[in-house]
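Down below is the structure, laid out as structure tokens.
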Amino acid sequence: MRTLSFLLLRRTTSLLSIIRRPLLLPLHRSLHVDAPSNPTSQILIHPNPNPNSLASSSNHEREGGGEEEDAFMTEFLSRFVHSIRPVLADAYPSLPRQTLDSMLLLICRRVVSEVDPSADPSESVELSEDLWKAVHEASRSVHEAMRRDRVRNELKKYLHSDDVKEMCRFAGDVGVRGDMMRELRFKWAREKMEEVEFYRELEKIRESESKEEEAAPAKVAVEVLPERKGKIKYKIYGLDLSDKKWREVAERAEEAEGKILQEEAKPVVGRSKRAEEKVYGLNWKTDDIMPVLKEWAEALGARRVDWLALLERIKEKNVQLYLKVAELLLTEESFEPNIRDFSKLIDAYSKADKIQDAERILNKMTENGIEPDILTYIILLHMYSKVGDLDRAKDAFESLKTQGFQPDLKAYTSMITAYVKAGHPKQGENLTREMEARDIRPTKEIYMELLRSFAEQGQVDGAQRIMNTMQFSGIQPTLESSTLLVEAYGQSGDPDQARGQFDQMRKAGHKPDDQCTASMVAAYAKKNLLDKALDLLLTLEQDGFKPGIATKSVLVDWLGRLQLVEEAERVLEEIAVMGEAPFQIHVSLCDMYSRAGNEEKAKKSLKVLEGKKRLLRADQFERIVSGLLAGGMVEDAKRMYQSMQGLGHTPSEPLKVTLMAAQSIPRQKPGTRRW
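Residue numbers (the working numbering): 1 to 675.
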């Protein structure tokens with residue numbers, strides 16, 4: 001009978017321990033985004049840890065008063081620090097011990113604030129998700145170790161209890177000895193401990209139920225509902241929605257929703273289908289499109305959504321017709337044009353390099369009383385920077401700032417491009433400083449664009465500043481950047497510095513390519529150091545280098561300046577065998593043939609240059625006009641001079657004087673050589 005009752009007690013104890021076991025709830029908290037990232041490893045623990053389980057799983061060990069709680073907390077933190085320190089050391093091996101101790105102190109404060117409700121939460125910090133996982137794993141292992149120690153200590157008490165000793169004496173009398181006696185003694189001690197714990201839990205349940213009954217409020221019997229006085233007030237999150245103004249807000253919201261949520265377009269069938277087929281067959285240059293569009297609109301009863309669907313279908317078939325129809329619809333009432341329709345059309349024209357058409361749409365928009373917004377100014381900024389119109393790009397950039405828009409990386413890039421194309425890299429460099437002040441990191445492409453502009457103008461100081469800035473930003477020198485620095489020294493007329501940079505680049509492990517060698521040869525050509533240029537080419541050929549189109553083009557330019565026409569033509573033939581020559585070589589040929597009196601070949605090169613005059617720089621225009629004037633081709637020189645001004649380039653004063661003198665005093669053409 002005693003054995004049966006003891007077994008019942010054990011089963012009941014196990015059941016209650018399952019019922020009273022604290023639950024581990026998933027943790028939902030904000031992550032600490034400023035926590036240092038793990039440089040070497042990543043702590044992967046079971047997801048969704050709950051630090052509150054630390055308190056719920058250890059409540060029964062801390063109910064012995066304040067001193068026992070302090071002792072428990074001290075032991076817990078000591079073991080916790082000993083367990084979590086190796087995890088932090090593995091995750092951050094480069095941190096010194098003092099920093100790890102500081103991190104452990106912050107983590108312990110956070111753990112204490114979660115375990116102890118009376119702790120001050122202001123002293124704790126937010127931890128990242130991975131760190132919470134590591135803390136949960138360490139605390140769980142520490143708690144399990146403390147539980148085992150507690151059970152072991154409790155078990156020692158019951159090993160020497162009277163009941164266990166009596167049963168051991170009885171077992172010894174019947175002949176039980178050795179390991180079996182030891183196992184039975186521990187078994188009886190554990191059963192005795194579970195029996196005591198069972199009655200202790202029952203006592204706690206009885207006390208908690210009695211406290212709940214005492215704290216339960218008395219039920220109040222409600223006989224009638226209170227009488228309502230005044231109007232009903234609807235409050236949601238502190239807003240009194242019973243006010244009349246919210247009715248107006250709801251009406252406006254419904255109206256806006258009707259505009260935002262696009263309706264479905266009507267099906268195009270019958271008469272409208274035939275009219276649409278007519279639209280597809282129209283010529284956007286010569287035909288009158290508007291009558292056919294009106295016929296289509298009348299047949300369909302078109303609304304805005306129908307017009308938009310038609311534009312999409314036209315765009316898939318003919319982009320030019322789409323642009324024409326979209327512009328015509330800006331005056332159609334049923335289309336209900338808005339600022340986005342104007343800005344989309346401006347953007348389409350700018351991407352197609354139709355600047356005049358884009359400006360026409362912009363003027364039409366302002367005539368209709370629609371002022372450009374931020375999106376429109378961004379489109380204008382990209383458009384004007386693309387064509388190199390600095391003044392209008394600056395106006396668009398300043399208008400963006402006036403409307404409260406903080407320029408982003410794309411806006412800064414477009415403005416820097418405009419400065420570079422206008423030949424003002426210094427202002428573009430100032431914008432990069434402004435970007436860095438606003439924590440916007442300039443890209444490598446921006447730096448290379450500025451470096452290329454400084455190199456073309458021979459501004460060595462600016463080019464060197466850009467190189468230093470790139471290195472400070474973590475962008476290592478490349479073959480291209482080193483080539484541009486060589487070009488900068490060459491354009492400034494310092495071939496010795498250019499050669500020094502060239503040799504330094506080779507020592508750094510960069511093998512000079514054709515473009516780099518061409519820049520070095522051009523530096524020698526500027527000072528007419530033919531012997532040093534030949535020595536350079538011979539040295540490079542010993543290393544396996546073969547001059548390419550770029551190097552040979554520089555030689556053609558050099559020979560043309562020296563009026564060595566036959567030698568230049570031989571090099572030109574070698575270029576033709578290797579591939580297509582760059583169009584800039586025609587600048588040298590036009591100047592050479594004009595000064596040599598070969599008008600036929602000069603005009604042939606001039607025709608190529610006029611076809612790509614937008615790609616010419618101001619100094620190239622100067623050389624072409626000067627060569628034509630030297631050869632007596634005044635009319636051609638005047639035409640190129642006007643093209644130069646039309647593209648926004650400012651002619652130099654000597655060129656103006658030379659052209660005026662050639663127009664007023666006819667010059668005799670130089671004698672023509674036979675070829």
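Glycine included, every Cβ here is placed at the ideal spot set by N, Cα and C.
C-beta atoms of Val-657 and Tyr-641 nearer than 8 Å:
no
Under 7 Å Cβ to Cβ from Glu-574, same chain only, skipping five residues before and after it: list those, please.
Lys-552
Please check the pair Ser-588 and Val-556, which I expect to be a contact at CB under 8 Å, by giving their CB distance rounded to whole angstroms.
6 Å
Quick test of your reading: Ser-519 and Val-486, contact by CB under 8 Å. State the CB separation rounded to the nearest angstrom.
5 Å
Where do the N-terminal and C-terminal ends of the alpha helix (DSSP H) with Val-268 fall, by residue?
Neither: Val-268 is in no alpha helix (DSSP H) and is coded neither H nor E.
Assuming Ser-139 is part of the alpha helix (DSSP H), what are its boundary residues?
129 to 159
Quick one: Cα of Gly-632 to Cα of Glu-456, how far?
30 Å
Report the option in Gln-356, Asn-318, Trp-296 whose CA atom is closest to the CA atom of Glu-332.
Trp-296
Mind checking Phe-170: buried by the 16 CB within 10 Å criterion, or exposed?
exposed
Go through its chain and collect everything with a Cβ distance to Val-279's Cβ below 6 Å, but skip five positions before and after it.
Val-292
Within 10 Å of its beta-carbon, does Ile-374 have 16 or more other beta-carbons around it, so buried, or fewer, so exposed?
exposed
Along the alpha helix (DSSP H) that carries Ile-374, what are the first and last residues, could you check?
374 to 387
Top-ranked residue by Cα proximity to Ser-141, from Ala-568, Gln-427, Ile-84
Ile-84
Using three-state DSSP, classify Leu-24 as helix, strand or coil.
Legend: pLDDT at Leu-24 = 33, less than 50; position of this residue unreliable, value from coordinates given subsequently. In the structure shown, Leu-24 sits in coil (DSSP, three-state: anything other than H, G, I, E or B).
Can you tell me the Cα-Cα spacing of Leu-104 and Arg-148, whole angstroms?
25 Å
So what does DSSP say about Gly-474, is it helix, strand or coil?
coil
Report the option in Glu-580, His-510, Leu-409, Pro-372 whose CA atom is closest to the CA atom of Glu-434.
Leu-409
Lys-604 to Ala-637 span [Cα, whole Å]:
14 Å
Neighbourhood of Ser-643 by C-beta, 8 Å cutoff - its chain only, sequence neighbours within 5 removed
Glu-610, Lys-613, Phe-621
Assuming contact is defined by CB atoms lying nearer than 8 Å, are Met-592 and Ala-568 in contact in what I supplied?
yes
Minimum length 4: unbroken alpha helix (DSSP H) runs contained in the region 288 to 332:
290 to 300, 304 to 317, 319 to 328
Please go through the region 555 to 630 and give each complete alpha helix (DSSP H) segment of 4 or more residues, from N-terminal end onward.
565 to 578, 585 to 596, 599 to 611, 618 to 630
Contact check, Met-470 vs Ser-481, beta carbons under 8 Å:
yes
When DSSP labels each residue in this structure, what does Ala-661 get in the three-state scheme?
helix
Can Leu-400 and Ile-370 be called in contact, C-beta distance under 8 Å?
no
Phe-472 burial status per 10 Å Cβ neighbour count (16 or more: buried):
exposed
In this structure, does DSSP put Trp-246 in helix, strand or coil?
helix
Less than 7 Å between C-beta atoms, sequence neighbours within five positions excluded: which residues of the same chain meet that for Gln-427?
Tyr-419
Rounded to whole angstroms, what is the Cα-Cα separation between Arg-152 and Pro-86?
27 Å
Within 10 angstroms of the Cβ of Glu-191, are there 16 or more other Cβ atoms? Answer buried if so, exposed if not.
buried
Would you say Val-292 faces chain B, with C-beta separation under 8 Å as the test?
This model lacks chain B altogether; it includes just one protein chain.
Considering Val-111, what are the terminal residues of the alpha helix (DSSP H) in which it resides?
97 to 115
Could you tell me whether the Cβ atoms of Ala-265 and Ala-309 are closer together than 8 Å?
yes
As a quick exercise: from Gly-462, Met-383, Val-325, Ser-334, pick the residue whose alpha carbon is nearest that of Asp-347.
Met-383
Close-in-space but distant-in-sequence residues of the same chain around Ala-498 (CB under 7 Å, 5 per side omitted)
Val-486, Tyr-489, Gly-490, Met-520, Ala-523
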